[in-house]
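Comments concern the structure below.
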Amino acid sequence: MHASETSLRTVRVTRYVTPLREGGSLPAIAEADDGFLYVLKFRGAGQGVKALVAELIGGEISRILGLKIPELVFATLDSAFGRTEPDEEIQDLLKSSTGLNLGLHYLQGAITFDPVVNFVDPILASKIVWMDCLLTNVDRTARNTNMLIWNKELWLIDHGASLYFHHSWQQWEEQAKKPFAMVKDHVLLPFASELEKVNASLRELLTPEKIRSIVNLLPDDWLNTWSSGEPPQQIREVYYNFLITRLASSEIFVKEAQHARSILI
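To convert, count from 1 in the sequence shown and add 1; that's this note's numbering.
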């Protein structure tokens, strides 16, 4: 781990509570040795560590931009954990996830955001749409909002489907400068009338130093078996350069979002 001004706590998972079967990668509620419950994202699921990378980067960028997101923690899973789990699919998932995983603090009693019932302030909606365009987050739609209402406030969860450029790793420079066409399906786009205004303020918040501090959080343990074979620090550099390049080209995705909104309303 590289030293940075940004840091995540590490907890040890002590009890598997229940699977969250609405997630395609079988996240679960689990208890850790600090006594808190977490929504656990497993390295052995679906897209593997790339989903965890996207979750970490997306979550910490959200925090820097002043958006509400549950605390992220590194969560270690012992090799003996889950041996008594009767569900074979879950047992296999736990076995393949030994080591370092990622957890989000569980928001007890939170309810799913409903765009029909819940009004969102235009500035807040614009910030979230802007950030999801930056991250190329394909998973904030009416079908799957990935937002919760907790204590009467809007909280963001689940950024694992962001940064999809990393599934075609060698084309990151081209992807960094592309508009985000899927913004047309964003659940908050109808509310997002202040995209141009938030573009300037959010670019100021997301400094190169802060982006560096986030990508430096990515643990070697996740990056040592990267499919393209680069060493961990080189992989971190790709994420850093992708985000810096995309940030510098933000007018491109802002214009795309404004155009999509004009058609929608």
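Note that beta-carbon positions come from the ideal geometry of N, C-alpha and C, so glycine has one too.
Would you mind sorting residue i into buried or exposed? The rule is 16 or more other CB atoms within 10 Å of its CB.
{"i": "residue 209", "result": "exposed"}
{"i": "residue 226", "result": "exposed"}
{"i": "residue 252", "result": "exposed"}
{"i": "residue 237", "result": "buried"}
{"i": "residue 10", "result": "exposed"}
{"i": "residue 127", "result": "buried"}
{"i": "residue 220", "result": "buried"}
{"i": "residue 267", "result": "This structure does not reach residue 267, given that the chain is present from 2 up to 266, and the question cannot be answered."}
{"i": "residue 260", "result": "exposed"}
{"i": "residue 115", "result": "exposed"}
{"i": "residue 28", "result": "buried"}
{"i": "residue 46", "result": "buried"}
{"i": "residue 265", "result": "exposed"}
{"i": "residue 247", "result": "buried"}
{"i": "residue 56", "result": "buried"}
{"i": "residue 18", "result": "exposed"}
What does residue i pair with, by DSSP beta-bridge criteria?
{"i": "residue 16", "result": "32"}
{"i": "residue 102", "result": "76"}
{"i": "residue 155", "result": "150"}
{"i": "residue 42", "result": "103"}
{"i": "residue 167", "result": "Paired residue(s): none; residue 167 is not in a bridge."}
{"i": "residue 112", "result": "150"}
{"i": "residue 187", "result": "142"}
{"i": "residue 137", "result": "Answer is none; residue 137 lacks a bridge partner."}
Closest to residue i by C-alpha separation, out of the options, would be which residue?
{"i": "residue 141", "options": "252, 188 and 253", "result": "188"}
{"i": "residue 151", "options": "58, 69 and 61", "result": "69"}
{"i": "residue 268", "options": "259, 129, 21 and 38", "result": "The structure shown does not extend to residue 268, since the chain spans only 2 to 266, so no value can be given for it."}
{"i": "residue 32", "options": "53, 109, 65 and 193", "result": "109"}
{"i": "residue 222", "options": "168, 86 and 102", "result": "102"}
{"i": "residue 244", "options": "179, 34, 45 and 198", "result": "179"}
{"i": "residue 54", "options": "224, 229, 79 and 16", "result": "224"}
{"i": "residue 230", "options": "217, 206, 170 and 81", "result": "170"}
{"i": "residue 123", "options": "235, 193 and 241", "result": "193"}
{"i": "residue 153", "options": "111, 191, 173 and 146", "result": "111"}
{"i": "residue 12", "options": "52, 78, 146 and 58", "result": "78"}
{"i": "residue 87", "options": "20, 216, 58 and 60", "result": "20"}
The region 162-172 in contact with the region 134-142 per 3-pair CB rule at 8 Å: A contact exists between the region 162-172 and the region 134-142.
Please give the ranges of any alpha helix (DSSP H) in the region 192-220, keeping only runs that are unbroken, at least 4 residues long and fully inside the region. 196-206 and 209-216
So does the region 91-99 actually touch the region 172-186, counting three or more Cβ pairs closer than 8 Å? Between the region 91-99 and the region 172-186 there are fewer than three C-beta pairs closer than 8 Å, too few to call the two in contact.
The region 191-211 touching the region 248-266, judged by at least three CB pairs closer than 8 Å: Verdict: yes, contact present.
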